[in-house]
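Comments concern the structure below.
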Amino acid sequence: TVAGPNSAEKKSLTDEEIIDFLKDNLDNKFLESLLAHSDAGLIRLLEDLINLLTKKNIILFTELPEKAQEKIIEREQIREKISSQNIIVEDIL
């Protein structure tokens, strides 16, 4: 069967069919851009996970490596600055 004009199928960027299509039809710069976008989402997820674990006292923030603490604090400060200017942080970070 042929898909109609109103047909839609949702797939994840990590779906094997999608990856194969992208490999065959897109250049490396676009694929690198997709990877970077995915990395940004993963970073935010990890930050939220760390916040949850510290709020529940499962881990202490100070138990994280010093460089990780610095990066997290730096990103929190940037987010605070952006939110104080009424910009939607999730759209940026």
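So in the working numbering, spot 66 of the sequence shown is number 71, and the numbers just go up one at a time.
Ideal placement from N, C-alpha and C gives every residue a C-beta, glycine not left out.
| For Phe35, the first and last residue of its enclosing alpha helix (DSSP H) | Asn33 to Lys60
| field | CB contact flag (Ile23, Lys16, <7 Å) | value | yes
| query | With DSSP run on the structure shown, which of helix, strand or coil describes Asp20? | reply | coil
| On the three-state DSSP scale, how would you describe Ile83? | helix
| field | Residue environment, Leu47, which counts as buried when at least 16 other CB atoms sit within 10 Å | value | exposed
| Spatial distance of Ile64 from Leu27 (CA atoms) | 40 Å
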